[in-house]
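Chains as they are written, first to last, in this note's numbering: chain A, 1 to 348; chain B, 1001 to 1348; chain C, 2001 to 2348; chain D, 3001 to 3348.
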C-alpha cells in the first residue's frame, strides 16, 4: 500500500510500504477513508519529537472501515465504520480505568504515527480496537467525524474543561490555529459570556469570529486591554494557551484574574519563566495535559445531533494520493490560509 | 500601649505607641491575650515586602478579648474571646461572597501587620469584626486556637485541599518549617497512605515524624527515591511546596506522577523555571494561593473535638513584653530549634 | 402607600398601608419600579403557607430605586437602581459564608412577602441591603432584571446545576410553567444535546419550543418514549421536576438513566412515594432546594451581555395600581395564557 | 467439586457440582482460598431476589488462585493470587469506561452468585478476568483482602463518598451490621469530627465503638438527640442508611441539616415515603447505588500500607466444607454475635 513515511528531520515521502497485519489479538486493521494532518506531524518533521523513529508512518487522526479484527476483539467487526482516536487505550491499566487514556501504562497513549505506524496510509493497524476506535452512526459523515480524532477532544478536555470554563465567564484564547479555533468552538458548550481570541493572522481571527469569538485582537497588549475592559479590570476567568511557546504561556499568566485558570494546550519545546513572586498570592491554577479522548463519545453525540458542526475548520480537501501536496499546503498556512486539510480515499 | 513596630529593613522595636481606636463602625478593638510570629514577619524585616510601610505594627495572628465594637458590628460584643484571622473579610465583595476572603476587594485580605497595624501589640483594631474574627468556645484554650490564625488554614487550604490530597494517596511535602509541619498535620485529615517530608534540619524532620510523616529525608534525591519506591516508579499524587525558593518548586515538579498536583504554599521572591517541554504532556495541575481562611470554622470545630491538636508546633513560650527576645529565638531556628513561638499577656 | 395585603386564605386586597421605614441599620427602603407575581404567592393565597401571617404584604421579586439606607449599609446609597432578590442574606452566618444564602441562619432566607412585608407595594423595606440587593448596570432594563429576582436563579441553581446538566446531555423537564420554562432557558447554558419538555398545556409547550426545547410532549408516557428514543433506551441524564405534586416527581424518577439526577424544583404540599426497591441499585442522585441566589451576579452579567434574554417569559404588563387585575390574570393561566406578569410604576 | 447451591426460597445445600470451565476467552477459573457470606445471600435464600434462579451457586466475594485463563486474558495468569470482586466489569461499555462498573452494560455488573454461578464453591469461573479481579501483593493475607470484595468498597463508595463526608463533619450511620460497621471504618478515611451509630444490638454497638464510632445509640430518638447536641441543633452533615427498610431511610431524612446528604446503602424491598413537603426547601441530596468497586485498588493499597485493618469485622472462621454451618451462624447474628464469617480452603 501507499503511506506517508517519516525519514528523519526534513524528509518524508508518500511511498510503497507493506500492508499492515494483525500482530496482537486485540488489534484491528482499518482501511483509511479520511485522514488529516496535525501540527504535531510538522513538529515531527522538524525533528522536535525524537521518540518518533525514522521509518514510521505518520498520522494519528482518521476515519475508516475495519477490514479485519484480531481474535480478542469483542465489540468491533469487519465492515464497521469507525473513528480512529489519536489516543490508544489498553482499557485495563490504572489510568485507563480512571478515564485518563492519554496516560495509558499498558502500551497505549499517543502511539499512532509516533511509536508505531500511523493513519496517513491506505490502511492502518490499530491496537486495542475495542477501546481505541469509535463506531460512527450512519448520520455522521466521515468529514464531520474526522476532527473528533484529536483537536476537538483536545481543545475541550485540555483547554476548556481543565480550564474550568463556566457559564458567564470571560475566556481568552491565545492562538487561533486549528487547536485554538477548536477551543473557540468547544468553549461555547459551557456558556461563557465572552471569548477573546489573540492571533497575528487576520485570516485566523476572521475564522475565530465566524466560529463564535466575541472579540479578536492582534497582540498581547490589545488582549490585556480587551480582557480588562470586559472584566472591570479583574482579568479573565480562564486563559487557554494554544500556541506552545514561552511568550504566549507567560502572556496567559498575566491575563487571568485572582482565582483564575491557565490551561495549557500548546506543545512546548522550551521552558517558560513562572513568576512565582507575583502569582504565589493570586490563587491561580495552571494545568497541562495530553488529551485523554474521554469526551469523544459525548462529542460524537453532539455532532450527530447537530449541536456541534465539526467540519467547519476544514479549508482544503484532497485525494489520499495527494498527501505530499496536502503537507505542503498545511505547512504554509500564512500563504494558503489553511486551517485543517482533509484527505479522502474517494475524492472529487 | 506597647507594640512591635517595623522601622524599615533590619529595624524593629517593642515601644510605646498610641492605643488603637475604632475608625470604622464595623471595627472592633481587641486586647491581645496570645500572639505569635510568622515567617512572613521575618520577610518584612528583611525588606522583602515593600507594601509594608515603616511605622507599621507587625503581626497577623492572635487570640484576644474584644474590648470595644463599632456601631455596625452585629455579632460580636465586648468581652467576646476571639481568634483574629490573618485574613480580614469585608463580607460583601464578589470574592468574599464566593468564600475567597484572601482576595477581598472591599478593603480586606491580608492587611493586619501589613497595610494596617497588626497584632504584635497589647491591643489591636480589627476591621470587619463580624467576618474577620471567630468566637472561641470555652473548651478551646488560647494556645490551641493561636495556630488557627494562619498556618493551619494556610497549610490545609493552599497545600492539602488545593493539592487535592485524597485517601490512599502518596504526598510529598518539601520543607518542614512551621507551614510544612502544619501540612503534615492537616494532610492526615484526608487519609493519605504515605507522607514523605524533605528538609535539611534533623530537628524539623524529627518533628515531622512525630506529627505523622511516614518517611523523612534530607534532600531531593532521597525524596525522589522514597517517592518512587512508594509508588512503583509513578511519582507522588501531590507535592506541597512549603519553602518558597525556585529550587524547591522545581523539585516538586519532578516528584509528581502524570495526573498529579503541585500545590505551592511557599512565599516566593524570585521566578522559577517551568519545564513546559517536559510537563505539557503529563496532565499536571499547579496551584498557588494566599489562604482564604474559609476553613477556619471547620478547623476550630476539629480542635474543640480534639481531632486536631493544634498547639503541638509551639516550642517556645514568652510573656508579651519579651517580644524582642521571641523574635530573636524565632529568627535563629537552626540554633534554637524553634518551630512556632507564642507570647502570652499572662505568662509564667 | 398602596400595597397588596394578604388577609388570610382566599382574601387579598390592594389597599392603603403605612410607608415602610428603616428598622435596622442594615436596611434600605426601595421605591418599587417593577414587580411580578410568583406561583408561590398563589400558594399563600390558598392557605398553603401557614408561616405567612395575615396582614403581610406579599411579593418577593422586584426592581426598584433605593430611597433611604440605614447607617450600617456600606455599598448601597439612595438613588441606586437595584434588583431585590427573593432571598435576603445576613452575610455573616455559616450558610451565608458558604454561599447558601437561602438557608441563612441570621434572619434572612426567604422572608420578603412571607415573614415580613414584601415587594408588591409602592415601597418596600429590604433587610441586609448590602448582601440582598444587586446594583443594576444602566444597560439592563427593569423588565430584563425582574426575572433574576427568583425564577432564573431558582431554575438554574436548583434545577440545572443541582441536576448536574452537562454538555451533550439529555435533559427532561416536567412542567412548563414559568419555572419550567426558565429551566429550559438556563439548561442551555450548559450545552445539553436535547431538552424534552412535558406539560399538558399546548400554549406552554409552544413557549418551551420557542425558548429552545428539542422535543415537547403532552404526558408521561410520551415523555418516556421520547427520552428512551433519544438515549438508546437508557434514560435521561437529568430530570427536572417543576410542578410540585407527587405524580410528577415519581414520573421524573422513572425517566432517568442509571447514574442520573432528579432535581426537584417544585414546591410540594404532600409526600411522594420513593421506590427504593427499584432505585437502590441504580446510582441515582435526588436533590431538593430553595434557591440561594448565589448565581445572581453571573446571571446579571449574562443578561447585560445579551447572552440571556430574560424578559422573554413576560406575557402581560400592567401598571402597579392594576395589581388585583394582574393577580386575576396570573391565577387563570389556562384562560389567559399568562406565563409571567409584570407591573410597572410607570406604565403605558 | 463442592459448592453451595440455591434451590429456591429456603433451600440451599453444599453439594457436588461439575467443575467450572472457561466459556469465554476473557474468563479465568479460580480456586477459592477464602470466601465469605453476604447479607444479600440471605436475601436470596428468602426469595427476595427473583433474578437469581434456583440452581445457582451463591457467593460474590472471595480470594483465590487462578488455575486457568482464557486466550483473551492479558494481564492475569495461572498462579496469580487474586481478589474476586463482587462486580464484574466488561471494561469497554460506556459505564465501565466512566468507572461505573456496577452499571456495566456489557454483561458485567453484579452477576456472580446472582445471574451466574458464584464463589461459594471450591472453584469459580470469573468473566472479564483482566477487569474483574485484582492481583494481591504478597504482604496482604487472604483474610485481609476478603472484605475488599464487597463491603469495604460498598460502604466507602455508596455510603461515605456518595454522602460527601468531609473533614470536620458529623456523620450518622443507621445500622451497625457488617456494611454499617464497614462505613464506620471507611468514614474515618475522610476525617469526620464525629460518627454517631444507631443500632438495637449492644454487641454491634460495641463493635462500632471499637472501630471508631464517637457516639453509639439504641434508637432514632436517641440518634436525633445525639446529632442535634453535636451540631448545635442543625443536624448531621451526612446520614448513611445501612439497614434497608423504609423506617430507617425515613429516620435518616430527619437527621440531616439543611444542605446535608442522605446516602442509601441498604438493599430495599419496599418503597419509602419521601416527605417532599418538608424537604423541598432544605437543599438535601439523596443518593442510592450499587457499588462500582472503582475504589478497590485504592483500598487495597491502604490495606497493604496498614492504613486500613480490614479483617477486624471477621468474627467466625470455618473450613470451606463447613459452609452450611457458616450459613447457620451468619443467619442468626443475635445469638451468634456474628459480623462477618470467613471460610478457608486450608483451615485449622
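Ideal Cβ placement from N, Cα and C applies to all residues, glycine included. In this text, all values refer to a predicted model and were calculated from it rather than measured experimentally.
query: Is there a Cβ from chain B that is less than 8 Å from the Cβ of residue 58(A)?; result: no
query: Who pairs with residue 14(A) in a beta bridge, going by DSSP?; result: 4(A)
query: So the candidates are 3322(D), 3333(D), 3296(D), 3339(D); which of them puts its Cα closest to the Cα of residue 3131(D)?; result: 3296(D)
query: Within 8 Å of any Cβ in chain B, is that where the Cβ of residue 161(A) sits?; result: no
query: Per DSSP, which one or two residues make a beta bridge with residue 83(A)?; result: 63(A), 134(A)
query: Taking all protein chains shown into account, do 16 or more other C-beta atoms lie within 10 angstroms of the C-beta of residue 123(A), making it buried, or fewer, making it exposed?; result: buried
query: Report the residue ranges of all beta strand (DSSP E) runs contained in full by the stretch 1245 to 1286 of chain B; include only those spanning at least 3 residues, in chain order.; result: 1256 to 1264, 1272 to 1274
query: Going by Cα to Cα distance, which pick from 2303(C), 2252(C), 2199(C) is closest to residue 2163(C)?; result: 2252(C)
query: What residues from chain D crowd round residue 2258(C), counting only those whose CB sits closer than 8 Å?; result: 3095, 3100, 3103
query: Nearest to residue 83(A) by alpha carbon, out of 115(A), 30(A), 48(A)?; result: 30(A)
query: Below 8 Å, can you find three or more Cβ-Cβ pairs linking the stretch 2107 to 2119 of chain C to the stretch 2152 to 2170 of chain C?; result: no
query: Using a Cβ-Cβ cut-off of 8 Å (strictly less than) and excluding sequence neighbours within five positions of residue 2196(C), which residues of its own chain qualify?; result: 2170, 2171, 2172, 2173, 2213, 2214, 2215, 2216, 2217, 2223, 2226, 2227, 2230, 2236
query: I believe residue 3338(D) touches residue 3317(D) by the beta-carbon criterion, under 8 Å. Please report the beta-carbon distance rounded to the nearest angstrom.; result: Rounded, the Cβ-Cβ distance is 11 Å, inconsistent with contact.
query: Tell me residue 367(A)'s beta-bridge partners as DSSP assigns them.; result: Residue 367(A) falls outside the range modelled here, since chain A spans only 1 to 348, and no answer is possible.
query: Check whether the Cβ of residue 1301(B) lies closer than 8 Å to any Cβ atom in chain D.; result: yes
query: When you compare the stretch 2185 to 2203 of chain C with the stretch 2060 to 2069 of chain C, are there three or more beta-carbon pairs, one atom per stretch, that lie closer than 8 Å?; result: no
query: Counting only runs of 3+ residues fully inside the stretch 2094 to 2131 of chain C, write out the beta strand (DSSP E) ranges in chain order.; result: 2123 to 2126
query: When DSSP labels each residue in this structure, what does residue 3343(D) get in the three-state scheme?; result: strand
query: Taking the C-alpha atoms as reference points, what is the distance between residue 3017(D) and residue 3094(D)?; result: 36 Å
query: On the DSSP letters alone, give me the boundaries of the beta strand (DSSP E) that residue 3032(D) sits inside.; result: 3028 to 3036
query: Can you list, in chain order, the residues of its chain with a C-beta nearer than 7 Å to that of residue 105(A)? Leave out the 5 residues immediately preceding and following it.; result: 93, 94, 95
query: Measuring only the C-alpha atoms, how far is residue 2275(C) from residue 103(A)?; result: 41 Å
query: Look up residue 1314(B) in the DSSP assignment and say whether it is helix, strand or coil.; result: strand
query: Look up residue 2326(C) in the DSSP assignment and say whether it is helix, strand or coil.; result: helix
query: Return helix, strand or coil for residue 2180(C), following the three-state DSSP convention.; result: helix
query: May I ask which residues mark the beginning and end of the beta strand (DSSP E) holding residue 2415(C)?; result: Within the shown structure, residues of chain C are numbered from 2001 to 2348, placing residue 2415(C) beyond reach of any answer.
query: Using a Cβ cut-off of 9 Å, pull out every chain D residue sitting near residue 1233(B), in sequence order please.; result: None at all; the shortest Cβ gap to chain D is about 15 Å.
query: Within the same chain, show all residues whose beta-carbon is closer than 6 Å to that of residue 1220(B), passing over the 5 residues directly before and after it, in chain order.; result: 1251
query: Please check if any C-beta of chain C sits within less than 8 Å of the C-beta of residue 1297(B).; result: yes
query: Taking only beta-carbon atoms, is residue 1214(B) less than 8 Å away from chain C?; result: no
query: Suppose you measure from the CA of residue 3258(D) to the CA of residue 272(A); what does that come to, to the nearest Å?; result: 47 Å
query: Mind checking which residues open and close the beta strand (DSSP E) that includes residue 2216(C)?; result: 2215 to 2217
query: Answer with buried or exposed for residue 3047(D), where buried requires no fewer than 16 other C-beta atoms within 10 angstroms of its C-beta.; result: exposed
query: Are the beta-carbon atoms belonging to residue 140(A) and residue 34(A) less than 8 Å from one another?; result: no
query: Can you give me the C-alpha to C-alpha distance between residue 299(A) and residue 265(A), rounded to a whole angstrom?; result: 18 Å
query: One question on the structure: do residue 1053(B) and residue 1067(B) come within less than 8 Å of each other, judged by their Cβ atoms?; result: no
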